[in-house]
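Listed in order, the protein sequences are those of chains X and Z. Position one of the first sequence corresponds to residue 1 (the UniProt record's numbering), numbered consecutively onward. Position one of the second sequence corresponds to residue 1 (the UniProt record's numbering), numbered consecutively onward. We put the beta carbon where it would ideally sit given N, CA and C, even for glycine. None of the values given here were measured: they were computed from a predicted structure.
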Amino acid sequence: MLTLTSPVETPLHRLPAGAKLAALAAFTVVLFWLKSPVALALALGGVVALHVPWGAAFTTHAARMLRPLWPFVAVVAAWHLWIGEAAAGAAVILRMVTAVAAANLVTMTTRLSDMITVLERLAAPLAPLLPPRRLALAFALVIRFIPTLAARMVQITEAWRARSPRRPGWRVLVPATLAALDDADQAAEALRARGGAE
Amino acid sequence: MERSLTHIALFAALVAILGLVPQITLATGVPITAQSLGIMLCGTVLGARRGALAVLLFLALVATGLPLLSGGRGGLGVFVGPTVGFLIGFPIAAFVIGWLMERTTLPVGLAAGAASAIGGIAVLYLFGIAGMSVMLDKTPAEAAMLTGAFLPGDALKVVLAGFVTQAIARMRPGALLSRA
């Protein structure tokens with residue numbers, strides 16, 4: 001399965017994941033504390049500067065990940081121009097874009113396995129409630145079953161199309177949910193046969 | 001034990017799949033996916049605790065960088081974006097829906113629909129609107145107007161959640177953990 005990690009290898013990939021996440025958290029706190037559009041524009045400039053040296057492919061990938069934000073940018077811009085508070089609007093937009101771009105940058109330069117390791121370390125204090133091995137098993141199960149369920153969904157849709165000229169639409173939902181339930185039962189049996197989840 | 005774990009994992013996968021597959025565009029031009037329907041099904045089928053855990057597991061995978069949110073979104077960016085309130089509301093909505101399912105004695109389909117309306121719309125929008133009002137620096141009323149576009153789609157999903165849950169209760173009575 002594709003992850004959002006950039007295939008373009010950058011020096012940022014080699015930094016420890018925990019350090020990047022801590023830096024991101026600190027940066028985000030500062031962003032929400034800054035009020036002036038000029039300071040926020042400088043912060044955005046800094047984040048952009050961290051993208052540019054790694055080439056056009058990396059920057060395009062980053063720009064594509066920001067796409068869901070544009071409708072919000074448009075609405076906020078229109079609203080603030082309407083009420084005549086352009087500076088406040090600029091601050092809101094700059095803060096939002098900078099925070100999301102910085103977080104995306106960490107995602108793009110950290111491998112899934114490194115991120116999961118950090119997550120497991122963060123969950124370590126919960127060990128009495130949530131044994132780390134069970135968490136790791138749950139992660140592995142989801143990652144393994146997403147393509148399985150997706151393939152099942154395609155089969156169900158094709159079977160529907162073979163029987164009916166109408167579009168399947170929501171009718172695939174019941175068989176898809178049943179498939180998930182049945183797979184869950186079978187996976188549970190298989191786990192138990194192999195010595196259980198502990 | 002194993003059954004609980006695999007159900008949580010499989011429903012986390014189901015939520016992810018429902019965000020990827022069927023995208024319908026409403027008459028108003030707002031694209032809707034079945035992802036929030038997946039959140040509702042976590043509550044109506046798995047119950048409060050397991051349903052909320054399934055959604056949390058799904059969100060953890062999104063945070064680690066898998067593009068599983070509807071529209072192929074994912075990574076850490078979505079947790080500081082304008083729609084973060086909805087993400088925070090997801091596990092709480094699943095918990096509320098499951099809690100209501102476990103307590104009501106209404107017929108399954110009706111109970112699932114009503115619980116989904118309360119959890120999947122009222123509770124979820126409360127968090128979504130609060131999040132948007134903080135992130136975009138708007139009053140809650142202004143943020144509510146922005147989310148209003150999604151309401152028709154979510155109303156449709158509430159009805160579907162009722163139907164799907166009822167169908168499951170009929171075909172796999174033992175699988176409806178919220179009523180077990």
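Counted within 10 angstroms of its Cβ, other Cβ atoms place residue i as buried (16 or more) or exposed
i, result
"P68 of chain X", "buried"
"E2 of chain Z", "buried"
"F58 of chain X", "buried"
"F145 of chain X", "buried"
"G91 of chain Z", "Looking at the sequence provided, one finds Pro at residue 91 of chain Z rather than Gly. Result: buried."
"F32 of chain X", "exposed"
"V30 of chain X", "exposed"
"S36 of chain Z", "buried"
"G84 of chain X", "exposed"
"A151 of chain X", "exposed"
"Q166 of chain Z", "buried"
"W82 of chain X", "exposed"
"S36 of chain X", "exposed"
"V45 of chain Z", "buried"
"V142 of chain X", "buried"
"R179 of chain Z", "buried"
"W70 of chain X", "exposed"
"P82 of chain Z", "buried"
"M171 of chain Z", "exposed"
"T60 of chain X", "exposed"
"T166 of chain X", "According to the sequence as given, residue 166 of chain X is Arg; it is not Thr. By the neighbour-count rule (16 or more Cβ atoms within 10 Å), R166 of chain X is not buried but exposed."
"L160 of chain Z", "buried"
"A115 of chain Z", "buried"
"P16 of chain X", "exposed"
"A62 of chain X", "buried"
"M101 of chain Z", "buried"
"L94 of chain X", "buried"
"T5 of chain X", "buried"
"M145 of chain Z", "exposed"
"residue 184 of chain Z", "Because residue 184 of chain Z is not part of the residues shown, which for chain Z are 1 to 180, the question remains open."
"A149 of chain Z", "exposed"
"V100 of chain X", "buried"
"T59 of chain Z", "According to the sequence as given, residue 59 of chain Z is Leu; it is not Thr. Label assigned to L59 of chain Z: buried."
Limits of the unbroken alpha helix (DSSP H) element including residue i
i, result
"P37 of chain X", "37-49"
"E120 of chain X", "112-122"
"P131 of chain X", "P131 of chain X -> no alpha helix (DSSP H), and no H or E assigned at all."
"E2 of chain Z", "2-20"
"I118 of chain Z", "Premise fails: I118 of chain Z is in no alpha helix (DSSP H) and is neither H nor E."
"W82 of chain X", "70-83"
"F58 of chain Z", "48-63"
"P11 of chain X", "Careful: P11 of chain X lies outside any alpha helix (DSSP H) and carries neither H nor E."
"W99 of chain Z", "84-103"
"G128 of chain Z", "124-135"
"P152 of chain Z", "151-171"
"R67 of chain X", "Careful: R67 of chain X lies outside any alpha helix (DSSP H) and carries neither H nor E."
"G89 of chain X", "86-108"
"P140 of chain Z", "140-147"
"S36 of chain Z", "35-41"
"V174 of chain X", "173-193"
Below-7 Å beta-carbon distance, residue i vs any chain C residue
i, result
"D137 of chain Z", "Checking the listed chains, one finds no chain C in this structure; the protein chains it contains are X and Z."
Expected contact under 8 Å - CB spacing of residue i and residue j to nearest Å
i, j, result
"L53 of chain Z", "I8 of chain Z", "5 Å"
"residue 210 of chain Z", "G131 of chain Z", "Nothing about residue 210 of chain Z can be read from this structure; chain Z reaches only from 1 to 180."
"L112 of chain X", "T10 of chain X", "No, L112 of chain X and T10 of chain X are not in contact; Cβ-Cβ is about 16 Å, not under 8 Å."
"G75 of chain Z", "A103 of chain X", "7 Å"
"A180 of chain X", "L149 of chain X", "6 Å"
"L177 of chain Z", "G38 of chain Z", "The Cβ separation is near 16 Å, so there is no contact."
"L191 of chain X", "T6 of chain Z", "7 Å"
"M115 of chain X", "G19 of chain Z", "That belief does not hold up - the Cβ atoms of M115 of chain X and G19 of chain Z are roughly 20 Å apart, past 8 Å."
"G77 of chain Z", "T28 of chain X", "11 Å between Cβ atoms; not a contact."
"L10 of chain Z", "A184 of chain X", "4 Å"
"F163 of chain Z", "G98 of chain Z", "18 Å between Cβ atoms; not a contact."
"F79 of chain Z", "F127 of chain Z", "F79 of chain Z to F127 of chain Z, Cβ: 13 Å. No contact."
"V154 of chain X", "T98 of chain X", "39 Å between Cβ atoms; not a contact."
"L136 of chain Z", "A143 of chain Z", "7 Å"
"I168 of chain Z", "L178 of chain X", "7 Å"
Quiz item: At a Cβ cut of 9 Å, what residues of the region 74-89 of chain Z count as close to chain X, listed as they run along the chain?
Solution: G74, G75, L76, G77, V78, F79, V80, G81, P82, T83
Quiz item: If you measure beta-carbon to beta-carbon, which residues of the region 35-53 of chain X are closer than 9 Å to chain Z?
Solution: none
Quiz item: When Cβ atoms are compared, which residues of the region 8-19 of chain Z fall closer than 7 Å to chain X?
Solution: I8, A9, L10, F11, A12, A13, L14, A16, I17
Practice problem: Using a Cβ-Cβ cut-off of less than 9 Å, give me the residues of the region 151-174 of chain X that come near chain Z, in sequence order. | Solution: R152, M153, V154, T157, P168, G169, W170, V172, L173, V174
Quiz item: Just by C-beta distance, which residues in the region 185-198 of chain X are closer than 9 Å to chain Z?
Solution: D185, Q186, A187, A188, E189, A190, L191, R192, G196, A197, E198
Quiz item: For the region 150-174 of chain Z, which residues have a CB atom closer than 7 Å to at least one CB atom of chain X, in sequence order?
Solution: L160, V164, A167, I168, M171, R172
Quiz item: Of the residues that make up the region 91-105 of chain Z, which ones have a beta carbon closer than 9 Å to any beta carbon in chain X?
Solution: none
Quiz item: In chain order, what residues of the region 50-76 of chain Z put their CB closer than 8 Å to some CB of chain X?
Solution: L57, F58, A60, L61, A63, T64, G65, L66, P67, L68, G71, R73, G74, G75, L76
Practice problem: Anything in the region 57-78 of chain X with a Cβ closer than 7 Å to a Cβ of chain Z? List those residues in chain order, please. | Solution: M65, P68, L69, F72, V75, V76
Self-check item: Contact list for the region 115-146 of chain X against chain Z, Cβ threshold 8 Å
Solution: M115, I116, L119, R134, L137, A138, F139, L141, V142, I143, F145, I146
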